[in-house]
Structure formats: C-alpha cells, structure tokens
Amino acid sequence: MGLSRDLAETREFFTSRAEGWEDRHPDDDVLFKWAVDQLELSPGDVAVDAGCGSGRALSSLRAAVGTQGAVLGIDATPAMLLEATRLGRKSISVCALGDVGRLPVRDDCVAGILAAGLLPHLPNPVGTLQEMARVARNDARLGVFHPIGRRALAARHQERGAHAHDMNIDPHRIGPLLAEGGWTLELLDDADDHYLALAVRNG
37 MGLSRDLAET REFFTSRAEG WEDRHPDDDV LFKWAVDQLE LSPGDVAVDA GCGSGRALSS
97 LRAAVGTQGA VLGIDATPAM LLEATRLGRK SISVCALGDV GRLPVRDDCV AGILAAGLLP
157 HLPNPVGTLQ EMARVARNDA RLGVFHPIGR RALAARHQER GAHAHDMNID PHRIGPLLAE
217 GGWTLELLDD ADDHYLALAV RNG
C-alpha cells in the first residue's frame, strides 16, 4: 500500500529540510527540555516521541526515564531519522521509521508521549490520538508541543508552502479533539513563543 497523500506531502516537506534542521532552530533545546519536564516521567518509565524528527527531545526523555526506562522515537521521514542518527540519538533510544497512527508498541505501557510539531500534519488527528491512548497507561501524559507560537507557526507553514492542518491546535478545537481521542486536557499554554497542550489519558 502506498503512502497517503498527506503523509507523502509531509515526507516531501521535511526531506528537503532534514539536514541541518537543528542548526536552523538553535534556540529550541531549552523549550524541548521544558516540555519533556511537563510529562513528569520517572526512572523506569516508557516514553514515546511521536513524530520525533531529528530526535531533539530524545536526550531529555532518556534523562527522565533513566537507563532502566525505554525511549522510542518514531517518524515518517527517513531523512529526519538519518539526521537523528548523525546527531547520535540512536545511541540513547530506538528510532523507528513508521506512522504514528500505527505505533509498534503494546497496549497500556507508555507513561509519557511527546507530540512535538505533529498535529498540524495530521488530517485525522483523532485516530492518531486514539492510537496514542491505546499504548498509554491510565495515568499517562501527552504533550502536544511546538517550540514556536501558534500564530507564528501558521505563518511559517504558509510561507514555506506546507500542507498543514493548523486548526488542529486552535484553542477552541484542541480540547474536543483530545477528548474524542481518549484524553483530558489539563493545561493549555498558548504563548507567543511556544505552545503546549498537556493532557492525561482517560481512565
């Protein structure tokens, strides 16, 4: 089966930008660490970076779960995973090529999921959120995160010709989307320089 149109367009968009991605966004590290901290992970936990890209969050996730925990980064763009490998992220995590709507993870085992820069690239976010809920423990946390403000992100997508669904993270839409996907929105931080919707899995 071939790639869906949206997945193919997402892969095309990021393939041409993968090399040197983090060099072009050098100030994001602090915000990524902050977002991971909001997941309140503990040593021994299982963490997933859904749409991990170059793996910028993987070091923080590994630090949070320790050597006894497990970290999975999954992304649909091979070039991004090559960049993650070049940056040494495969030495601290499993980096897998795949669709976040079909996670290679068993039910009810994940303590925290970071979805950074992901939802605007999903035509069916509810299905993906339900898949994340499937693998999540009852007390798991999900962080829908962007290291850039929502309005600036939409402007960037428009400028670069990205096929994006930016309404997925609209403040009036994100709560109902999460609820339909099996999550309860606990916190919405819709700041000028970042975006975080923090949710817990419905019991």
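Using this note's numbering, the letters of the sequence shown map in sequence onto residues 37 to 239. Even glycine gets a Cβ: it sits at the ideal position worked out from N, Cα and C.
Determine, using beta carbons only, whether residue i and residue j come nearer to each other than 8 angstroms.
{"i": "H193", "j": "G153", "result": "no"}
{"i": "L232", "j": "A71", "result": "yes"}
{"i": "V136", "j": "G105", "result": "no"}
{"i": "A120", "j": "S95", "result": "no"}
{"i": "R125", "j": "C131", "result": "yes"}
{"i": "L165", "j": "L213", "result": "yes"}
{"i": "L155", "j": "L97", "result": "no"}
Is residue i helix, strand or coil by DSSP?
{"i": "R92", "result": "coil"}
{"i": "G211", "result": "helix"}
{"i": "G137", "result": "coil"}
{"i": "A99", "result": "helix"}
{"i": "L67", "result": "helix"}
{"i": "M37", "result": "Note that M37 scores 42 on pLDDT, short of 50, meaning its location in the model is unreliable; the coordinates nonetheless yield the value given after this. Looking at M37 - three-state DSSP - the assignment turns out to be coil, as it is neither helix nor strand."}
{"i": "I205", "result": "helix"}
{"i": "A132", "result": "strand"}
{"i": "D169", "result": "In the sequence as presented, Asp is not what sits at residue 169; that position holds Ala. Of the three classes helix, strand and coil, the one that applies to A169 here is helix, per DSSP."}
{"i": "L158", "result": "coil"}
{"i": "R125", "result": "helix"}
Could you give the first and the last residue of the continuous beta strand (DSSP E) run that contains residue i?
{"i": "A44", "result": "Unbroken run through A44 is the alpha helix (DSSP H), 41-51; no beta strand (DSSP E)."}
{"i": "R237", "result": "231-237"}
{"i": "G179", "result": "172-182"}
{"i": "L77", "result": "First-last for L77: undefined, no H or E at that position."}
{"i": "E58", "result": "It is not in any beta strand (DSSP E) - E58 instead sits in the alpha helix (DSSP H) that spans 57-60."}
{"i": "I110", "result": "106-111"}
{"i": "A152", "result": "146-152"}
Quick test of your reading: residue i and residue j, contact by CB under 8 angstroms. State the CB separation rounded to the nearest angstrom.
{"i": "D202", "j": "A190", "result": "4 angstroms"}
{"i": "A141", "j": "V84", "result": "It is worth fixing the name first, because residue 141 is Val in this sequence and not Ala. Rounded, the Cβ-Cβ distance is 7 angstroms, consistent with contact."}
{"i": "C88", "j": "D65", "result": "Not confirmed; about 15 angstroms, so no contact."}
{"i": "R60", "j": "A169", "result": "That pair is no contact at about 33 angstroms."}
Residue range of the alpha helix (DSSP H) that residue i falls in?
{"i": "L117", "result": "114-122"}
{"i": "L189", "result": "186-196"}
Name the DSSP beta bridge partners of residue i, please?
{"i": "D228", "result": "According to DSSP, D228 bridges with nothing at all."}
{"i": "T220", "result": "V236"}
{"i": "D85", "result": "G109, L150"}
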